[in-house]
Every structure is written in C-alpha cells, then in structure tokens.
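For the sequence shown, the working numbering assigns the number 15 to the initial residue and increments by one for each residue that follows. Glycine residues also receive a C-beta, built at the ideal position from the N, C-alpha and C atoms. Accompanying notes for the structure given below.
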Amino acid sequence: MYIRYLKIISNISLIFSIFGFLLSFIGTLNNVELLYLWIILSSFILYRFSSKKVLSIILAILPFLPLLLMKGPLDRTFIAITGLYSLYLLLRIVKKLTYGSAVEEFEKVIPIVIIITIISIAISLAFPDKSILYNTLVLPYFVVYLVSAVILLRTLRYIEYSSSENKDINKVNLAYSIGIIFISFLLSLPVVRAVLWKGISLGFTYILSGFLMGLAWIVFAVFFVFDKIIALLGRFFKAERRELPEIKTDELTRRILDMARMGESEKLPEKGAVSSSNTNQIFIIIFSVIIVIILVYIIIILFRRYESRRKPKEEDYIETKEFITIKKEEGSGILKRIIDRLRPKDPIERIRLYYKKYLLMCKEKEIGLKESDTTLDIYTKSRDFFNKNVLPRMREIYIKVRYGSENPSGETVREFLSLYKRLNSKD
C-alpha cells in the first residue's frame, strides 16, 4: 500500500532531526541533505522489493553505501544510525501500520519535538552562530515530519473508517505526496529557512515576553491588594505613640539631685500601653498570614476545578490493563474437545475463556491489538470487524464480572456464550 511510503518519510525525517540535533553538540555534519535523500530513496527501493527475500538482503547494503564516501567519524556514525533505523523501520514498524498505532506514536513524539524546538530556539538566541546549524539540521526535518505524519493520520483514518473506493484514496495520497515534495523543496532554500526561523524566533520572544509581563502584572496586583489590606488594618489597630516631654537643663539637674536624695525616680511608662502596641502588631501579622493562606487556597481550588473540567468523565470503575496473552492454542479435533472438557467450570473463568477466544479471533483478522489494551481499546479497534450489536453487551458483562466483583450466574454465562457465537453474524 502506497500509504506506507508516507510512514517511511515521516519516521526518517524524525530520526534525522533528533540525531542531527544531538550530534551538532559534538561536531559538524556534512552533506546531510544528500544523505537524507539517499536514505529515503534506498528505503523506498527496499520496501518495493521486500517480498523478494534474496534481493532484499542484497539491497540492504544501500543505506550504508555513503560510508565509502564519508571520512569523518561523526558523519559515519550518523550514517550508521540512520541506516540501521531505516532497516528496523522496514522490518518491524511499516508492516504493522494501523491508525491506532500511528496515533499513539504521534502523541509520544510531539513532546520530544516541542522540547527540542524550544531548546534549539533558546540556544540560537544565546549563541546566534548556532542558528545556522539548527536551521539546517532540525527545522526542515521537523516540518517534513509534522506534515507527513498529519497526512498519514488523516489518510489512515480515511481508510479505516470510510467506505469510499480506493481510487479516491490514491488521489488523496498523490496530492499529499506532491505537497510534501513541494514543502521539502521550499525548505531546502536557505532564504526560506532563514525567514521561517526568524519568524519562529520572534514569535517565541514575543510569547515569552507576554507571559512574563502578564505574570509580573499578576504579582503586582497581588502585592497591591495585600498592601491596601495592611494599610486598612493599620488604621484600625494603630499603635499609640507617646511623645517625650521636653526637659530643660536646670530641671534635669534638679531631678537628678532629687533622685540622689530621695532614692526615687520617675515612673516608667505603663506596661499596658507597650503591651497593647505589641499585641496590635502581632495581630496584624497573624491576620496578614491568614489572608495569604486564604488567597493560596482559593488559587488551588480554582486550579483543581480547571483540571477537573479538562479530564474526561470517568466511569464508576477503574479499568486496568488486560494482560491476556494472545497465543494461538494448539490441538484440534478430538484432542481439542477433550482439552475443552477439562477446562475449569468456574463461571468467571468461563467468561474469561470465551473473551480470550474473542481476542484470538481479533488476531486472526489481523487487528492491531496489544496485550496491554483495555476492553475499551479492544472494542474500538474490533467493532468494524464483528457484529456491532453484540460487542457492547459482551463488554458490559465482562466488565461487571472483572471489575464489579460479581459472581455470574449460569444464565449470564449462557448469554455470554450466545453473544460469542453471534460475533460473526450480520444480524
């Protein structure tokens, strides 16, 4: 299927961008554009003749031919990495291409793309001479990856969920392929890359500046409100101020003499006034701390509500991974019937047994299931291959038995068995 060529383009572009970024910290790579085109072309040839084992083994040396021309150790390392990955891609990944696996891979790769892009922009702003390396080694291949990956996802979804003829699919693939070639040609022009990189850098700078400015205004507003609250409290709990009386020199001399004669002194200020002032200050501090705690609590509550709105509505049970090993059972005929008779009669185990048979049927139909798929994942992937009126009820019974701690009755087991027998029916 021609859609697999898009998968080859997207994954090889991703590998070139990631390892081009990492190896740029060690040294300079040469002729990366030519190597990229060669790896893509050799991968296409290998995939085209993959059905012919002897010829495909001979052609497996194609990705590594540039090793004869490149002399630098860094260039040879890069060629070895990309060549080995292209073989792994053709042997393992491309053959198991499904819409579900493509979506899962895309969701895992996007954070890596974002992190590398942010680091590249930050380094380029700090060291302008490095921007040329990232314009050449990172940006073009990331753009090609994103474009080809999105096209791949749309086309796979179109294939799996549309009943249109394959002629329409081929037209869509042809248009998408022409679009990728055109974008790749534009990105190969230094002027286009420079303009695009400058736009991304300016956009990143403005976004960062706007974020910091907004954060500064929020902090300023919090401190402004806090200052007004403190000022308002200060008016209600104003400490008493006592002014010292003005004492003249002759009066001071007279008082000292009186103290020497009488052994008496002026009375100290009342302790009540001092303690009242200290109490007011302590009360203001405590009240301020309480206000800060309340503000922090309100912010936490608002944040939790926002997060709860973003989360999907959960069921009244927590569905775990199934981890049912999907292996084809051996034996047939009389021996198989004898083995079936010896199997456990426990209702729960019987339901699990027929659910496992349902998984084996999925495997026979080459549905891309994983051993860690939940019942919802399995239902989503297999609903177009079996009776859609049967699968929801089977899943409902299985969930009640598995997660509801329900001991199924004989009638429930018979119903589940009847549903299993109707999986391939059209009613």
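When only Cα atoms are considered, phenylalanine 234 and isoleucine 243 end up about 14 angstroms apart.
The three-state secondary structure of serine 57, taken from DSSP, is helix.
Looking at the backbone, the Cα of valine 415 and that of tyrosine 434 are separated by about 16 angstroms. A direct Cα-Cα distance of roughly 10 angstroms separates leucine 81 from proline 87. If you ignore the 5 residues before and after leucine 160, its C-beta comes within less than 8 angstroms of the C-beta of Val127, all in its own chain and listed in chain order. Here the alpha carbon of leucine 222 sits roughly 51 angstroms from the alpha carbon of isoleucine 71. Distance check between isoleucine 214 and each of Arg364, Leu139, Leu151 places Leu139 closest, using alpha-carbon atoms only. With fewer than 16 other beta carbons inside 10 angstroms of its own, phenylalanine 238 counts as exposed. Per DSSP, reduced to three states, the secondary structure at glycine 41 is coil, with no helix or strand assignment. Of the residues Ser439, Leu60, Arg106, the one whose Cα lies closest to the Cα of asparagine 401 is Ser439.
In the structure shown, lysine 402 adopts coil according to DSSP, grouped into three states.
Burial check for tyrosine 102: the Cβ neighbour count within 10 Å stays below 16, so the residue is exposed. Within the same chain, and ignoring the five residues on either side of isoleucine 22 in sequence, the residues whose Cβ sits closer than 6 angstroms to its Cβ are Ser57. For arginine 366, the enclosing alpha helix (DSSP H) starts and ends at 361-378.
In the structure shown, phenylalanine 234 adopts helical secondary structure according to DSSP, grouped into three states. Isoleucine 53 places its beta carbon 8 angstroms or farther from that of serine 24.
Where proline 422 is concerned, there is no enclosing alpha helix (DSSP H), because DSSP gives it neither an H nor an E.
Separation of phenylalanine 225 and tryptophan 231 (C-alpha to C-alpha, rounded to the nearest whole angstrom) is 10 angstroms.
For glycine 97 and threonine 388, the gap between their C-alpha atoms comes out near 36 angstroms. The three-state reading of DSSP puts arginine 436 in coil, since its state is none of H, G, I, E or B.
The C-beta of lysine 395 has 16 or more other C-beta atoms within 10 Å across all chains shown, which makes the residue buried. With the rule of 3 Cβ pairs closer than 8 angstroms, the region 140-154 counts as touching the region 26-44. Around the Cβ of glycine 424, a 10 Å sphere holds fewer than 16 other Cβ atoms; the residue is exposed. Within the model, the alpha-carbon separation for isoleucine 59 versus glutamate 429 is close to 52 angstroms.
Out of Leu374, Pro361, Glu380, Leu373, the CA that lies nearest to the CA of threonine 426 is found in Pro361. Rounded to whole angstroms, phenylalanine 33 and leucine 79 show a C-alpha spacing of 19 angstroms. With respect to isoleucine 137, lysine 144 sits close: the two C-beta atoms are nearer than 8 angstroms. Looking at Thr42, Ile132, Leu73, the one whose alpha-carbon comes closest to that of leucine 104 is Leu73. The three-state reading of DSSP puts valine 209 in helix, counting H, G and I together. Ranking Val108, Leu431, Ala94 by CA distance to the CA of leucine 367 puts Leu431 first. Taking a C-beta distance under 8 angstroms as the contact criterion, serine 31 and valine 123 do not qualify as a contact pair.
Its chain contains Val206 as the residues whose beta carbon lies nearer than 6 angstroms to that of leucine 200, once the 5 sequence neighbours on both sides are disregarded; these appear in chain order. Take arginine 436, set aside five residues on each side of it, and the residues of its chain with a beta-carbon closer than 7 angstroms to its own are Asn401, Val404, in chain order.
If you ignore the 5 residues before and after lysine 379, its C-beta comes within less than 7 angstroms of the C-beta of Phe399, all in its own chain and listed in chain order. Around the beta carbon of threonine 169, 16 or more other beta carbons lie within 10 angstroms, which makes this residue buried.
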